[in-house]
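If you read the sequences in order, they're chains E and X. All letters in the first sequence, in the order written, are residues 0 to 186 by numbering that gives the first Met the number 0. All letters in the second sequence, in the order written, are residues 0 to 186 by numbering that gives the first Met the number 0. Data first, discussion second: the structure below is written as structure tokens.
There are 2 protein chains.
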Amino acid sequence: MLEEAAAELFLEQGYAGTTIEQIARRAGVSRNTLFNYFTVKSDLLWVDVDAGLAALPRALAACPGDLPATDAVRQALHEVAAGFGPGRVPWALTQAEMMGTRSALEASALSRFMDQAELLAQFLAARVGAQDAGEDLARRSFAMAVLAAAAAAFGVWAASGVSRGTLAPYVDAGIAPACDGYRAALG
Amino acid sequence: MLEEAAAELFLEQGYAGTTIEQIARRAGVSRNTLFNYFTVKSDLLWVDVDAGLAALPRALAACPGDLPATDAVRQALHEVAAGFGPGRVPWALTQAEMMGTRSALEASALSRFMDQAELLAQFLAARVGAQDAGEDLARRSFAMAVLAAAAAAFGVWAASGVSRGTLAPYVDAGIAPACDGYRAALG
DNA sequence: GCAATTGTTGGACGCGGTACATAAATACTA
DNA sequence: TAGTATTTATGTACCGCGTCCAACAATTGC
Numbered sequence: 000m001l002e003e004a005a006a007e008l009f010l011e012q013g014y015a016g017t018t019i020e021q022i023a024r025r026a027g028v029s030r031n032t033l034f035n036y037f038t039v040k041s042d043l044l045w046v047d048v049d050a051g052l053a054a055l056p057r058a059l060a061a062c063p064g065d066l067p068a069t070d071a072v073r074q075a076l077h078e079v080a081a082g083f084g085p086g087r088v089p090w091a092l093t094q095a096e097m098m099g100t101r102s103a104l105e106a107s108a109l110s111r112f113m114d115q116a117e118l119l120a121q122f123l124a125a126r127v128g129a130q131d132a133g134e135d136l137a138r139r140s141f142a143m144a145v146l147a148a149a150a151a152a153f154g155v156w157a158a159s160g161v162s163r164g165t166l167a168p169y170v171d172a173g174i175a176p177a178c179d180g181y182r183a184a185l186g
Numbered sequence: 000m001l002e003e004a005a006a007e008l009f010l011e012q013g014y015a016g017t018t019i020e021q022i023a024r025r026a027g028v029s030r031n032t033l034f035n036y037f038t039v040k041s042d043l044l045w046v047d048v049d050a051g052l053a054a055l056p057r058a059l060a061a062c063p064g065d066l067p068a069t070d071a072v073r074q075a076l077h078e079v080a081a082g083f084g085p086g087r088v089p090w091a092l093t094q095a096e097m098m099g100t101r102s103a104l105e106a107s108a109l110s111r112f113m114d115q116a117e118l119l120a121q122f123l124a125a126r127v128g129a130q131d132a133g134e135d136l137a138r139r140s141f142a143m144a145v146l147a148a149a150a151a152a153f154g155v156w157a158a159s160g161v162s163r164g165t166l167a168p169y170v171d172a173g174i175a176p177a178c179d180g181y182r183a184a185l186g
């Protein structure tokens, strides 16, 4: 209910023009109760995305061990992207201009990005054993690069309007060159 | 003076524990005057980095036109990285744990990242003429991937302690695989 | 039935950020 | 030099987010 109330109000009044108290009132609860479920206002924008992102650890763990690390990541991200069907497009991203959520999204996105990057880096560290400094740089660079490419693909997909199909092909096309490029460095 | 006062207070009390009024008082000005020079508190953390990042447009424009677009970006980022010598390490990043600036940095970093990504994407669009949707995805993916890799290298470099040398080799090693990987897609 | 735990609410507070009006300082002009 | 215009600094008030704490309701478990 809180999420629905927030989506409605953000569409009516914009993100900055909507106060937390208004959302709580429309949802029929108290302001403090809202803070019990969403510690910050911007969390309301991320429920859908966060739910989809939660699939990453399992997707990584399910990857066959004989695959090169970069291709395992590629496959895992493909699986995560498959969770975002054409009927499940986060409204906070597609309606970003309508709601004026861009700055709020930018302010809250990087912490999520870094969480996923940390997951990837640990996954890579477990697969690519070498622990010297150069390997660490390669792992972190690849982790962040491939996630950034996936995020870019996400953005292009979200901006494609109603004609967009599934997310997975976008993400795969966006990250494939990165996986290819870093394969040698992480071999 | 404002920057110095902020750096001192952040080290003494942490970022969250320091109010804007305290910074202004130590600098000998009013709270409103501080807001005249730094529109948000986190801008105080970014003066050094922003100054270094300002070199990117010029570095891109100065790249020889016969270079592949990916290598032009690589060269431009190398030049930007060269602006961060071992004597010019942004205190907000190296002392991040000491000051507790991590969440604040994460909240304010992405807008800067997207600004640079937009610069890169426009640069690529000018060099790689094709305007179909696939090309757009490739350009945006590469722009964000290479910047993310550079940011990762920046982080590894900043975390290397006093033994770190210059930033440029870190960045170059971090982004080289990305440039190689996307070269064909942006040929 | 009661106790303990959990969820909900109200009230108060601090701080960041904005808006606006005013005063000081500087620059330009005669 | 005097006076005017234009920044720049300051004071005041305000709003909203986020936190803390204490009181209250509801649920679970015995």
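Just so you know, even glycine gets a beta-carbon here, dropped at the ideal spot from N, CA and C.
query                                                                                                               : result
Under 7 Å by beta carbon: chain X residues contacting E:D179                                                        : G180
Chain-ordered neighbours of E:M113 on chain X, where CB pairs are closer than 7 Å                                   : E105
Within-8 Å CB hit, X:S140 to chain E                                                                                : yes
Beta-carbon neighbours of X:V155, restricted to chain E and to distances below 7 Å                                  : D135, L136, R139
Any 3 or more C-beta pairs closer than 8 Å across the segment 131-145 of chain E and the segment 144-155 of chain X : yes
Min CB distance X:P63 to chain E below 8 Å                                                                          : no
Proximity of X:R111 and X:A68 at Cβ, strictly below 8 Å                                                             : no
Beta-carbon gap between X:A4 and X:R25 smaller than 8 Å                                                             : yes
Outcome for E:S41 when other beta-carbon atoms lying within 10 angstroms are tallied against a minimum of 16        : buried
Outcome for X:R73 when other beta-carbon atoms lying within 10 angstroms are tallied against a minimum of 16        : buried
Candidates E:A91, E:F9, E:P85: closest to E:D49 by CA position                                                      : E:A91
Coil, strand or helix - E:A158 by DSSP                                                                              : coil
Spatial distance of E:A60 from E:F83 (CA atoms)                                                                     : 20 Å
Other residues of its chain near X:I22: CB distance less than 7 Å, five sequence neighbours each side excluded      : L1, A4, A5, L8, L33
Reduced DSSP secondary structure (H/G/I, E/B, other) of X:G128                                                      : coil
Reference X:G128, options X:E78, X:E20, X:C62, X:A184, closest by Cα                                                : X:A184
Below-8 Å beta-carbon distance, X:Y14 vs any chain E residue                                                        : no
Candidates X:T93, X:T17, X:G64, of which the one nearest X:D47 by Cα                                                : X:T93
Boundaries of the alpha helix (DSSP H) in which X:C62 is found, first to last residue                               : Looking at the DSSP string, X:C62 is not in any alpha helix (DSSP H), and its letter there is neither H nor E.
When E:A148, E:T38, E:L123, E:L118 are compared against X:D135, the one with the closest alpha-carbon               : E:A148
Of the residues E:H77, E:L44, E:Q115, E:A106, the one placed nearest E:C191, counting alpha carbons only            : Given that chain E is displayed from residue 0 to residue 186, the structure contains no residue 191 of chain E and the question cannot be resolved.
Within-8 Å CB hit, E:G173 to chain X                                                                                : yes
Whole-number beta carbon distance between X:A54 and E:M143, since they are thought to touch under 8 Å               : Rounded, the Cβ-Cβ distance is 22 Å, inconsistent with contact.
Below-8 Å beta-carbon distance, E:P176 vs any chain X residue                                                       : yes
Reduced DSSP secondary structure (H/G/I, E/B, other) of X:V88                                                       : coil
Straight-line gap, E:L118 to E:A81 (C-alpha atoms, nearest Å)                                                       : 19 Å
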